[in-house]
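Working notes for the structure below.
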Amino acid sequence: MRIRAVRLDELGVLQDIERAAGRCFRDIGMPEIADDEPPPLDELARYHHTGLAWVMDDGTGTPVAYLIADRVDGNLHVEQVSVHPDGARRGVGRALLDHLAGHAVTNEAASALTLTTFTQVPWNAPYYARSCGFRLLDEDGLTPGLREIREREAAHGLDRWPRACMRRAL
């Protein structure tokens, strides 16, 4: 498997990965998350054009996971990282996060990665803390951009379940 920039003709595949990865939320009582639609093609294309969209392909060119990021308050913010269930539990998501960290240091002069996530979903906050070097941020640690992201998430209904911001120093 290898990490590479996403191609425009693969954006629909990213949506398919997102839908497949989301299904596991149904099993833990979060069907609204499972049914939430992935980002539209024009939004995914924006990530491609900003150079902040990568896939892990299976070696034959077919994406099995993807990561998109935004520039937020001088850091890179993980907007989404999704792994198709067929590629799960192989370190694929962690490899994409490590790739983003390398890009952040080398190309962006960023000092951290940030993300928002569910705190009580095992493959979310507990995983990011245990395996990926992220730490939970309290309210005092939130930058203006992270506060804005959290407000948008709350307006979208994501605060029905406990959520938090996390940061990985680089």
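Heads up: take any position in the sequence shown, counting from 1, add 23, and you land on my numbering. C-beta: ideal position from N, C-alpha, C; glycine also. None of these values were measured; they are calculated from a predicted model.
Where residue i falls: helix, strand or coil (DSSP)
i: Gln103; result: strand
i: Arg27; result: strand
i: Asp80; result: strand
i: Ala88; result: strand
i: Arg46; result: helix
i: Asp93; result: strand
i: Arg191; result: strand
i: Arg170; result: helix
Extent of the continuous beta strand (DSSP E) to which residue i belongs
i: Ile51; result: That residue, Ile51, is in no beta strand (DSSP E); it is neither H nor E in DSSP.
Range covered by the alpha helix (DSSP H) that runs through residue i
i: Arg183; result: Premise fails: Arg183 is in no alpha helix (DSSP H) and is neither H nor E.
i: Asp121; result: Val115 to His126
i: Leu138; result: Not the alpha helix (DSSP H): Leu138 falls in the beta strand (DSSP E), residues Ala135 to Phe141.
i: Arg69; result: Leu64 to Thr73
i: Arg153; result: Ala148 to Ser154
Anticipated Cβ contact below 8 Å, residue i with residue j, distance rounded
i: Arg191; j: Ala135; result: 6 Å
i: Gly110; j: Ala88; result: 6 Å
i: Leu22; j: Glu131; result: Limits of the chain in this structure are 24 at one end and 193 at the other, which puts residue 22 out of reach.
task = Could you say if the region 67 to 79 and the region 142 to 152 meet the contact criterion of at least three C-beta pairs nearer than 8 Å?
result = Result no; under three Cβ-Cβ pairs closer than 8 Å.
message = I want to know whether the region 43 to 50 touches the region 169 to 184 - three or more CB-CB distances under 8 Å.
response = Output reads no: the region 169 to 184 does not touch the region 43 to 50.
task = Check whether the region 59 to 66 touches the region 120 to 131, taking contact to mean three or more Cβ pairs, one atom from each stretch, closer than 8 Å.
result = Short answer: they don't touch.
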